[in-house]
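In the numbering used here, the protein residues as written are 124 to 336. Notes to accompany the following structure.
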């Protein structure tokens, strides 16, 4: 299972560095539904386990959203704990927030993570939703510079992940409903308080990041 987690994190880091616009396509991956914000540009076409979109602004670093999918047969909590461990291992200067329970696709269980780290010298802020559908694990990540504003449209997109769909076809009009009303910490995935350069925004109004010093 460690090999799975390592591949997961390496794919995430690759996605965060896809910051230059490459076309204006939009699309959906086969087997899951994800709704990026209106106007965001597709840079990595859904397929082969990953997809990515960037904000259509004029800044040197574009805020971005990425989706990574991997075969996984364990529990959501186990995947969350493993992901936190691998993030710490891959990013030596990372500041982790507390993992929280949340929901995606209306009421499907997920885990919400926040953390800050320097990647290639850039101070980045990450917000993530992790979820498991059948034998597949999914990681949706919103990444921005510490100096960039948090966009509610991007945070809300994190809650639109719907997996467990047929490889071809399926209910393409599925959209997320309200997230969990009372998220709670996940055991063993909360590394303690951190000091951040700016407040983190939540993936949804009812999901409160726990990053107080």
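Quick reminder that beta carbons are idealized off the backbone N, C-alpha and C, glycines included.
Per-residue DSSP class, three states only, for residue i
i	result
residue 260	strand
residue 216	coil
residue 279	helix
residue 182	coil
residue 201	helix
residue 207	helix
residue 243	coil
residue 254	strand
residue 296	The predicted position of residue 296 is uncertain, since its pLDDT is 34 and thus under 50; no value can be drawn from it.
residue 222	coil
residue 232	strand
residue 227	strand
Residue i - partner residues in DSSP beta bridges
i	result
residue 166	Note: residue 166 sits in no beta bridge, so no partner.
residue 249	238, 266
residue 189	175, 264
Alpha carbon of residue i to alpha carbon of residue j, nearest angstrom
i	j	result
residue 193	residue 235	18 Å
residue 201	residue 184	33 Å
residue 286	residue 277	19 Å
residue 230	residue 283	11 Å
residue 209	residue 161	32 Å
residue 198	residue 226	15 Å
residue 173	residue 159	14 Å
residue 217	residue 257	30 Å
residue 251	residue 182	22 Å
residue 207	residue 180	30 Å
residue 316	residue 220	Low confidence applies to residue 316: its pLDDT is 35, below 50, so where it sits in the model is not reliable, and the reading given next is rough at best. Distance between the alpha carbons of residue 316 and residue 220 is about 7 Å.
residue 155	residue 175	14 Å
residue 178	residue 222	26 Å
Whole-number beta carbon distance between residue j and residue i, since they are thought to touch under 8 Å
i	j	result
residue 267	residue 248	6 Å
residue 233	residue 253	6 Å
residue 189	residue 264	5 Å
residue 191	residue 262	5 Å
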